[in-house]
Structures are given as structure tokens and as C-alpha cells.
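To start, the structure under review is shown below, and the notes come after it.
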Amino acid sequence: MVNHSMVLGHRGFSANYPENTRLAFRKALELGIDGLEFDVQLTADEVPIIMHDPAVDRTTDGRGLVSLMDYGQIRQLNAAKCRPEMGFQSVPTLQDVLNDAYEVCPKGFYNIEIKVYDENWKTLIDRVVSVANQHPLRKQILFSSFHHRCLEYLKDHYPSFEVGLLFDQEIADPWYIAKQLKAYSVNLDYRLTSDELISACHAEQLRVAVWTVDDPEQIQRFIHRNTDIVISNVPDMVKRIKDDFAD
């Protein structure tokens, strides 16, 4: 039986490798999955880098807000703070990750979450899209965000790019806002995503992405339900369950 769910590694293969590093991304893609989900924000000198938190403290051996640090400072930090046995892993730029992805998985699908932590989000969008727009993967990118105004700005100014609206709380009709923005998908917390909600979104011709699904029973449920995108820290498990379902 054919299953159309796409499997994306959440911040790469982050169950086994330091999140949002080139190592984690490469190891995820080497599994043969469909693509990646990762986070982007700007440094003080407006370089789009891959990091989830507003500060470098949790994932690196440094301290401070990303928005107050130049990339020259950030690139000296070790992003493998929690996995010292893996040596030095630098914080990658968006350009780094897209280049690596194109080399390993040129037909992949790449969900880039735009992290908005201040009022500088228009510049963030402009800088990120500038990098993406010049890359061979540009037609295989989905921009997502909890900050729906930034997605509205993105669609207004760069309509050729697809967007996915992130929701982290229960909402009765997520497709309503998504259709207004001509969105590609609604990206939902799996704990708040029922079979009925998936069916309702599909009835409105909207794709559904669920995050971040690591429990085997839940993975199986979403795969069997043909959920469009399954984002997981354990993409190896999701791929295995999907492959078993196909058999």
C-alpha cells in the first residue's frame, strides 16, 4: 500500500546527534527520509543561522542572545555542548544547511521555521528569503512560523514561496486562517491533532504537518492516517514504521 506521508527530521536526527547541526542534518538525510525541519533566525550582523532558542546558552558552550552577537562570534561556539563526545560542531548558517542538503538529498523537502523573537521580523524574512531564493532548493522549501504576520508579509512580498501556519494550541478551524494566506499547510502539535481534524483540513484542500511525534503508537497512527508531513526527533523510527506499512 502506498503511503504519502513525508518524514522530516526535527532539527535533524536530534535524538542521536546535536540538534540543528550539520552533523544532525546529514545523519538524518542519510537515513533516506524525505527532508528536514529546522529553525532560522538572524545574528546581529544579519546572517541567517540555524538555532532554535533566542539565546545560545542551552545548545552551545557560549552565553548571550543571538540577536546581539555577530556570526563571527557565534561560529566559534561548540553546538555539541550536550554531546561532547561528538567533538566540535559549529552553528551552521542557512546557506551551509541548504548546500549540504542539496548535496545529500537534492530532491528533499525542507521546512524552515522562522523564529521571531523581536520586532525585526521583516528584515529576518528578507534576509532568509534572499538566501533561499538564490538556491537550487528554493522550490522545495516550506517556510513555517507561529508568527502569522511574518508569513503574511512573506506571501505578500515573495508569493512563489510556500508557507505553513504553526499552531501550538487547540483551534477549531485552523484551515480558515491558512486559506486566507493561501498556505500550503497547517502545522499542528500532534497532541492536539485528531483524525477528525486531519479530515477537516483535507476537505479544505490543506495539508497537515504534525510535530514533534516520537511515540511509536502515535507515529503509527499518523502514518496510517496518511498525514501529509510527520516531523520527528526519531526519523529512523518513523521511516521504519512507514516502510512496514507499505509492505
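Using this note's numbering, read the sequence shown as starting at 6 and increasing by one per residue. Where a beta carbon is used, it is the ideal one built from N, C-alpha and C, also for glycine.
- With contacts defined as CB atoms closer than 9 Å, D219 and S199 fail to qualify as a contacting pair.
- Within its own chain, the residues whose Cβ lies closer than 6 Å to the Cβ of V121, once the five positions on either side in sequence are excluded, are H152 and C155, listed in chain order.
- Contact between E118 and E167 is ruled out by a C-beta separation of about 13 Å, above the 8 Å threshold.
- The criterion of a C-beta distance shorter than 9 Å is not satisfied by D161 and Q174.
- Cβ atoms of A205 and S190 stay farther apart than 8 Å, at about 14 Å.
- DSSP places H229 in the uninterrupted alpha helix (DSSP H) bounded by P221 to H229.
- The alpha helix (DSSP H) runs lying completely inside the segment 126-152 and spanning 4 residues or more are 126-138, given in chain order.
- CA-CA distance, I79 to R27, rounds to 15 Å.
- Per DSSP, reduced to three states, the secondary structure at H162 is helical.
- Between the alpha carbons of K86 and E209 lies a gap of roughly 44 Å.
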